[in-house]
Amino acid sequence: MINRGYYDGFGGAFLPEILVATFDELDSVFTQAKKEPAFWEKYKDIMSDYSCRPTPLTFAENLTRHFGGARIYIKREDLNHTGAHKANNVMGQGLLVKRMGKTRVIAETGAGQHGVATATMAARFGFKCTIYMGEVDMMRQRPNVFWMERLGAEVIPVLDGTRILKDAINEAFRDWVTNMDTTHYVLGTACGPHPFPEMVSFFQSIIGKEARNQILEKEGRLPARVYACVGGGSNALGIFQGFLDDPVELVGVEAGGLGLDSGRHASRLSSKDASIGIAQGYKTYFLQDNDGQMRETHSVAAGLDYVGVSPILAQLKEKGRVRFESATDREVVDALSLAMKKEGLIPALESAHAFAQAFKEAPHLSKEYIIIINQSGRGDKDIFTIADAFNDSAWQEFIKGKAEEYNA
Numbered sequence: 002m003i004n005r006g007y008y009d010g011f012g013g014a015f016l017p018e019i020l021v022a023t024f025d026e027l028d029s030v031f032t033q034a035k036k037e038p039a040f041w042e043k044y045k046d047i048m049s050d051y052s053c054r055p056t057p058l059t060f061a062e063n064l065t066r067h068f069g070g071a072r073i074y075i076k077r078e079d080l081n082h083t084g085a086h087k088a089n090n091v092m093g094q095g096l097l098v099k100r101m102g103k104t105r106v107i108a109e110t111g112a113g114q115h116g117v118a119t120a121t122m123a124a125r126f127g128f129k130c131t132i133y134m135g136e137v138d139m140m141r142q143r144p145n146v147f148w149m150e151r152l153g154a155e156v157i158p159v160l161d162g163t164r165i166l167k168d169a170i171n172e173a174f175r176d177w178v179t180n181m182d183t184t185h186y187v188l189g190t191a192c193g194p195h196p197f198p199e200m201v202s203f204f205q206s207i208i209g210k211e212a213r214n215q216i217l218e219k220e221g222r223l224p225a226r227v228y229a230c231v232g233g234g235s236n237a238l239g240i241f242q243g244f245l246d247d248p249v250e251l252v253g254v255e256a257g258g259l260g261l262d263s264g265r266h267a268s269r270l271s272s273k274d275a276s277i278g279i280a281q282g283y284k285t286y287f288l289q290d291n292d293g294q295m296r297e298t299h300s301v302a303a304g305l306d307y308v309g310v311s312p313i314l315a316q317l318k319e320k321g322r323v324r325f326e327s328a329t330d331r332e333v334v335d336a337l338s339l340a341m342k343k344e345g346l347i348p349a350l351e352s353a354h355a356f357a358q359a360f361k362e363a364p365h366l367s368k369e370y371i372i373i374i375n376q377s378g379r380g381d382k383d384i385f386t387i388a389d390a391f392n393d394s395a396w397q398e399f400i401k402g403k404a405e406e407y408n409a
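If you read the sequence shown in the numbering used here, its first letter stands for residue 2, the second for the next number, and so on.
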């Protein structure tokens, strides 16, 4: 165990002895790079030239008129190359991999966006790439599996446990233990052992830095509230970091699934069902039973059903700096539908959780208030799940036709 990387008792690095030297190397390389202004400038240049940053801050005029309350702005992380905020983190880690001289990257993914981003980064930098993905998530996010494979990555289905994100993380760690000399594990969110929470938050902070400057330029003042969905917590910490020192209310929205009373959700900080524990190398709130066994989670969004949460967000909850809420699957699908019809935007199911909570609160705020919603990713990856939710008969006929075409 390494006694560092703590956030008021959360976090740390609970590692098998064999991985200690690898984490020490990563921590050293990251710490040095973080001190160099030239490294951040190089990172910003890559994100500009390759990933289309800065992403826009879009005024949602029609939604603002519809609700008749706060002025609604949307931070458009869906316009990043690969369609999500995930690109921010993987390109940064890719630069560190080059510094370490390693030639292979591995990653886990739930919704598939982190897997696509990692496969893209590997192709860009010339690394071999392996992606671990739970079998259930592979079924839910088949389009992203297709793109990962086309980008040159090997996608390995994980059949252990409940076959979702937490199981994919376990499998990625097993791979890393046996290949650490040549391989870097590109962890996708602000969880896991130190230095991953700090490192992922560092690269994702580009979201909040941009959003703060953009809203000051557009409105000449700060927003009253900022909303972001919370799975592991990378996009939420990304945008929140731009406003942590300001009088701005920060709202993290977790997966309420079928409702907090149903037991079928993934709300760790907004429900009473989670407790503090140690798993997957760090200490935070987990959904676990009295014996410390991880419980099954549920969400319509594959990227939000992780059983733990960033230790940094756990600290911010304890300090009362971030308010945590939840949105049910039904509320999320309704919010997605409204965003499409009013603004022509298709947020990912993950992002639609933030929309759902903002839509509950916006009508009750004065028209003088400004709120920002972080649209962390685009929803085209969710087309099968969304079509099922809408019971779209034309889509069903299309799928039947394709099945006949393939003699399925």
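Ideal Cβ positions, reconstructed from N, Cα and C, are used throughout, including at glycine.
When the Cα atoms are used, S338 and L20 turn out to be separated by approximately 46 Å.
Spanning the alpha carbons of G10 and P158 requires a straight line of approximately 34 Å. In this structure, DSSP gives G95 a helical state, which the three-state scheme calls helix. In the DSSP assignment, F287 is bridged to S276. Bounds of any beta strand (DSSP E) do not take in P348, whose DSSP letter is neither H nor E. Contact between the segment 229-237 and the segment 307-323 is present: 3 or more CB-CB pairs across the two stretches fall below 8 Å. Annotation note: the segment 234-281 contains the following uninterrupted alpha helix (DSSP H) runs of length 4 or greater, listed N- to C-terminal: 235-241.
Looking at the DSSP output, T184 sits in a beta bridge with R105.
The residue among R331, I374, Y133 and I73 with its C-alpha nearest the C-alpha of S352 is I374. Counted as a single uninterrupted DSSP element, the alpha helix (DSSP H) harbouring S338 occupies residues D330 to E344. Counting every other CB atom within 10 Å of its CB across the protein chains shown gives A22 a total below 16, marking it as exposed. Around the beta carbon of G209, a 10 Å sphere encloses 16 or more other beta carbons of the protein chains shown; the residue is thus reported as buried. Contact between T83 and A118 is confirmed by a C-beta separation of about 5 Å, below the 8 Å threshold.
Judged by DSSP in its simplified three-state form, K320 adopts coil rather than helix or strand. For I132, the closest of K103, V98, W177 and L96 by C-alpha to C-alpha distance is W177.
Nearest in C-alpha terms to G258, of all of H299, G278 and S271, is H299.
In terms of Cβ geometry, R379 and A88 do not form a close pair [threshold 9 Å]. Boundaries of the beta strand (DSSP E) around E155: E155 to V159. Straight through space, the alpha carbons of T65 and I216 are spaced by roughly 16 Å.
Boundaries of the beta strand (DSSP E) around A229: R226 to C230.
Distance from the Cα of P17 is smallest, within the candidate group D335, V252 and R175, for R175. Distance between L152 and C192, taken at the CA atoms: about 26 Å. In this structure, the alpha-carbon of F360 lies about 8 Å from that of F68. When H115, W148 and S311 are compared, the shortest CA-CA separation from P196 is found for S311.
Separation of the CB atoms of E78 and Q376 is rounded to 6 Å, and the pair is thereby assigned contact status at 8 Å. In the structure shown, the three-state DSSP call for R100 is helix.
Counting only runs that start and end inside the segment 45-77, the beta strand (DSSP E) elements of at least 3 residues fall at 58-60 and 72-77. In this structure, the alpha-carbon of M139 lies about 19 Å from that of V187. With a beta-carbon spacing of about 5 Å, V333 and A357 fall inside the 8 Å limit used to define contacts. Annotation: A14 is outside any alpha helix (DSSP H); the continuous beta strand (DSSP E) that includes it extends over F11 to A14. When DSSP reads this structure, F325 sits in a beta bridge with G253. For Q294, no beta strand (DSSP E) segment is defined, and its DSSP state is neither H nor E. A contact between stretches requires three or more CB pairs, one per stretch, nearer than 8 Å, and the segment 278-294 fails this requirement with the segment 240-248. With a threshold of 16 other beta carbon atoms within 10 Å, L58 meets it and is buried. One Cα belongs to I165, the other to G113, and the distance between them is close to 11 Å.
Look at the beta carbons and you see the segment 268-283 not touching the segment 220-230: under three pairs across the two are nearer than 8 Å.
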